[in-house]
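Residues in the sequence shown are numbered from 1 upward in steps of one, following the working numbering.
Everything below concerns the one structure shown next.
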Amino acid sequence: MPIFEYKCTDCEAVYDVLHKGAENPDIVQCPSCESRSYVKKFSSFAASTGSTVSSAPSCESGSCGVPSYGGCASGMCGLG
């Protein structure tokens with residue numbers, strides 16, 4: 001079941017909607033103001049592998065281990 005993220009064009013609230021199989025995905029209503037005026041936001045997705053071990057480096061020091069190529073090479077602006 002896909003989860004979509006929306007932004008209300010009336011009150012600017014951002015909210016998620018879980019669309020079940022046969023449910024009409026075009027019927028979306030803002031939980032804050034009940035408006036049906038919205039913009040669908042681009043959302044990334046995550047896949048579950050069942051593993052709880054994380055080998056990702058910490059970004060607390062400002063360096064995430066992403067190589068810096070200078071400028072915006074490979075679309076990684078500010079991540080170096």
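For every residue, glycine included, the Cβ atom is placed at its ideal position computed from N, Cα and C.
Computed from a prediction, not measured in an experiment: that's the story for all the values here.
Residue 27 places its beta carbon 8 Å or farther from that of residue 16.
Cβ contact annotation for residue 40 (same chain, cutoff 7 Å, sequence separation greater than five): 4 and 6, in chain order. In this structure, DSSP gives residue 42 a state outside helix and strand, which the three-state scheme calls coil. Looking at 12, 34 and 29, the one whose alpha-carbon comes closest to that of residue 19 is 29. Here residue 28 carries a coil assignment [DSSP, helix/strand/coil]. When rounded, the separation of the alpha-carbon atoms in residue 33 and residue 10 is 8 Å.
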